[in-house]
Amino acid sequence: MAETTDTAVPADGAAGEGGAGAAGEGGAGAAVRTIGRKAGRGLRWSLLGNVVMKAGSFVMSLVLARLLVPEDFGVYAVALAATQFVMTIKDVGIIAATVQWRGRLAEMAPTATTLALISATTLYAVFWAGAPAFATLAGNPDAAPVVRILTAVILVEGVTAVRSGALMRRFQHDRLSGAILAGFTVNAAVAITLAANGAGPYSFAWGQLCGAVVTGVVVLAAARVPFRLGFDRAVAGRLLRFGIPSAAGTGLEAVLLNVGYVIVGAVLDEELLGYYLLAFNISSWVPGLIGTAIRYVSIPGFSRLAERDTATLQEGVARSVPLLVAAVLPVAVLMATLAHPIVVFLYGAKWEMSAGVLRFLAVLMLARMLTSFAFDILTSQGATKATVWMNLGYGVALVPAIIAGAHLDGIRGAAIGNAAAAVFVALPLAALALRRTGVRVGPVLPALARPLLGGLACGAVALGASSLARWLGGNAFAELCLAGGLGLLAYVLVTVPRAALAWAGGMLPARFRDRSVSTR
Numbered sequence: 000m001a002e003t004t005d006t007a008v009p010a011d012g013a014a015g016e017g018g019a020g021a022a023g024e025g026g027a028g029a030a031v032r033t034i035g036r037k038a039g040r041g042l043r044w045s046l047l048g049n050v051v052m053k054a055g056s057f058v059m060s061l062v063l064a065r066l067l068v069p070e071d072f073g074v075y076a077v078a079l080a081a082t083q084f085v086m087t088i089k090d091v092g093i094i095a096a097t098v099q100w101r102g103r104l105a106e107m108a109p110t111a112t113t114l115a116l117i118s119a120t121t122l123y124a125v126f127w128a129g130a131p132a133f134a135t136l137a138g139n140p141d142a143a144p145v146v147r148i149l150t151a152v153i154l155v156e157g158v159t160a161v162r163s164g165a166l167m168r169r170f171q172h173d174r175l176s177g178a179i180l181a182g183f184t185v186n187a188a189v190a191i192t193l194a195a196n197g198a199g200p201y202s203f204a205w206g207q208l209c210g211a212v213v214t215g216v217v218v219l220a221a222a223r224v225p226f227r228l229g230f231d232r233a234v235a236g237r238l239l240r241f242g243i244p245s246a247a248g249t250g251l252e253a254v255l256l257n258v259g260y261v262i263v264g265a266v267l268d269e270e271l272l273g274y275y276l277l278a279f280n281i282s283s284w285v286p287g288l289i290g291t292a293i294r295y296v297s298i299p300g301f302s303r304l305a306e307r308d309t310a311t312l313q314e315g316v317a318r319s320v321p322l323l324v325a326a327v328l329p330v331a332v333l334m335a336t337l338a339h340p341i342v343v344f345l346y347g348a349k350w351e352m353s354a355g356v357l358r359f360l361a362v363l364m365l366a367r368m369l370t371s372f373a374f375d376i377l378t379s380q381g382a383t384k385a386t387v388w389m390n391l392g393y394g395v396a397l398v399p400a401i402i403a404g405a406h407l408d409g410i411r412g413a414a415i416g417n418a419a420a421a422v423f424v425a426l427p428l429a430a431l432a433l434r435r436t437g438v439r440v441g442p443v444l445p446a447l448a449r450p451l452l453g454g455l456a457c458g459a460v461a462l463g464a465s466s467l468a469r470w471l472g473g474n475a476f477a478e479l480c481l482a483g484g485l486g487l488l489a490y491v492l493v494t495v496p497r498a499a500l501a502w503a504g505g506m507l508p509a510r511f512r513d514r515s516v517s518t519r
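Per numbering that gives the first Met the number 0, the sequence shown runs over residues 0 to 519.
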């Protein structure tokens, strides 16, 4: 574990290990391996924390889906859209600036804390005053009080921004995950208790606010960065030149992620918005589980690689992107082909209208994870302005696509428009932005051939098995087990190299290996 004070490790243990030390080991490959080990440790802790939290979130969503009605989810969706936006720009990019800072935290922490507090307080005041107008624009005026409660979490985040950045910079994700899990425990207890007592959509808001306070307290204690306010003009200039474009880019990313809620609510009605939100929540499981864990380590990891040179960063990208695609693609394929049994089994037949939405949001899920990964690579290089232009171009295509889709085919049409804009506009723009910073996508493509073929096999097998299960009269659970299991098996057989399968076979006890040989 890295030391928790700035004086113990040069540049907080970031540049020191990924820089000169790695160079002495023998070039870009050694640097990637050195930083990869630290990032891998952080990723394991982030994944562990996310698995526990998402399992709890899953149980919590099942409980709340039975205590609440679709209209309550529709009100919450409006408040969530506002919160997701303000949460990404609340600190003027201070968390990302802390992670990427070239130097010691002690020289920037007081100024960074002051800037984060000013930004969060000002932004919350704006949303407090504008909540009624925002809720009306989203087609649900009753959501204004919920918006005011839920967006209050940014005040807590403003206090903890630098401390969260310090934990990520040092790859101390065990402490960060512990803080998040503590907050979630409180969130779930408060939300379920309030929902059971008739609080409706307010149960979501108060639960998340109470959880944020607990998380913030634990982060302040774990980071061990003295809480001091100050202002240094030179430091502030460096922070804002990096942070403002970063905040603008992440703010646009949040708008584009949640704009579907606002458009569906404005064009259609609360009930349909509730169905759309449920499908979107399901499609967000993997980005929330794997994507969030990756983002905790991707910016610090790629920042350390970018400190050396572009070739080192290119090698890190070439190694990591195929792994990301291989991990997420089968989930997206199975989610799209088995959308109906997933929704019916988990949430009941009353939610089956969400299935037609989920099929297309599964495609959006994969594209979203790839564009987010590109966003982190650009941020690690300091190319924060490129993230702004990338998301602006995506938004120009996305908004009319969702509006047209909603008018033509309701919530399913909105999902189709959302997915189409991500695949045909966002991904090419991300590749172009990376190319302009010296990171080429071309060398990555050959390594994607096997996962893509595996995805096709997975989809074909799952679709056939699903049809067979329905023909045999099986229920949703049986259909999921049969089609999902066979589809995943097909993916593994096509995607995983034979050498890896042989190695896995070699791990079996000798009696099983001997038995398999004797039967050939």
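Each residue gets a CB set at the ideal place from its N, CA and C atoms; glycine is no exception.
My output table needs one value for residue i: the three-state DSSP class, helix, strand or coil.
i      : result
Asn474 : coil
Ser465 : helix
Ala21  : The pLDDT assigned to Ala21 is 40, lower than 50, so where the model puts this residue is not dependable, and the model offers no usable value.
Ile401 : helix
Met107 : coil
Arg223 : coil
Gly273 : helix
Trp524 : Not covered by the structure: residue 524. The range shown for the chain is 0 to 519.
Ala382 : coil
Gly199 : coil
Met167 : helix
Phe230 : coil
Ser521 : Outside the shown range of the chain, which is 0 to 519, sits residue 521, and nothing can be said about it.
Met352 : coil
Arg43  : helix
Val440 : coil
Asn139 : coil
Thr150 : coil
Val324 : helix
Gly347 : coil
Thinking C-alpha only, which one of the options is nearest residue i?
i      : options                        : result
Ala430 : Ala165, Ala366, Gly483         : Ala366
Ala181 : Ala198, Thr214, Leu208         : Thr214
Ala151 : Ala211, Val422, Val493         : Ala211
Phe372 : Pro340, Phe301, Val254, Tyr393 : Phe301
Phe279 : Gly229, Arg358, Thr291, Trp205 : Arg358
Ala137 : Ile262, Ala220, Phe203, Val438 : Ile262
Asn417 : Leu363, Ser176, Pro450         : Leu363
Tyr201 : Pro144, Ala403, Ala160, Val216 : Pro144
Leu304 : Arg101, Val62, Ala54           : Arg101
Val125 : Leu154, Ala400, Gly264, Cys457 : Leu154
Arg227 : Leu61, Met107, Trp205          : Met107
Ser466 : Cys480, Gly453, Leu79          : Cys480
Gly206 : Ala220, Ala188, Ala221, Val216 : Ala188
Ala246 : Asn186, Gly92, His339, Pro225  : Gly92
Return the Cβ separation of residue i and residue j in integer angstroms, given the expectation that the two are a contact with Cβ distance under 8 Å.
i      : j      : result
Ala464 : Ala482 : 4 Å
Ala425 : Thr370 : 5 Å
Leu271 : Ile410 : 5 Å
Val158 : Thr97  : Actually they do not touch by this definition, with Cβ atoms about 14 Å apart.
Ala119 : Glu156 : 6 Å
Leu149 : Thr82  : 5 Å
Tyr490 : Ala456 : 6 Å
Given residue i, which residues of its chain have a CB within under 6 Å of its CB, disregarding the five upstream and five downstream residues?
i      : result
Pro244 : Thr383, Lys384, Val387
Met352 : Tyr274
Gln313 : Val438
Ser60  : none
Tell me which residues share the same chain as residue i and place their Cβ nearer than 7 Å to its Cβ, disregarding the 5 neighbours each side in the sequence.
i      : result
Arg147 : Trp127, Ala130
Ile179 : Gly48, Met52, Thr214
Asp231 : Thr110
Glu389 : A small correction: the amino acid at residue 389 is Met; Glu does not occupy that position in the sequence shown. So the list reads Leu428, Ala429, Ala432, once near-sequence residues are dropped.
Leu251 : Val387, Asn390, Leu391, Gly394
Val185 : Cys209, Gly210, Val213
For residue i, I'd like the list of residues in its chain whose CB is within less than 8 Å of its CB, leaving aside the five on either flank, ordered along the chain.
i      : result
Gly25  : Low confidence applies here, because Gly25 scores a pLDDT of 47, under 50, leaving its location unreliable and the question unanswered by this model.
Pro450 : Pro321, Val324, Ala325, Leu328, Thr494
Ala421 : Val362, Leu363, Ala366, Arg367, Thr370, Tyr393, Leu397
Val343 : Trp350, Glu351, Ala354, Ala475
Gly264 : Gly73, Ala76, Val77, Ala137, Gly138, Asn139, Leu272
_For the structure I just gave you, are there three or more beta carbon pairs, one from the region 106 to 124 and one from the region 232 to 249, closer than 8 Å?_
yes
*Is the region 452 to 463 close to the region 329 to 337, with three or more CB pairs under 8 Å?*
yes
*Do the region 67 to 75 and the region 271 to 282 touch if we need at least three Cβ pairs shorter than 8 Å?*
yes
*Segment contact flag, the region 253 to 271 with the region 317 to 326, C-beta cutoff 8 Å, min 3 pairs*: no
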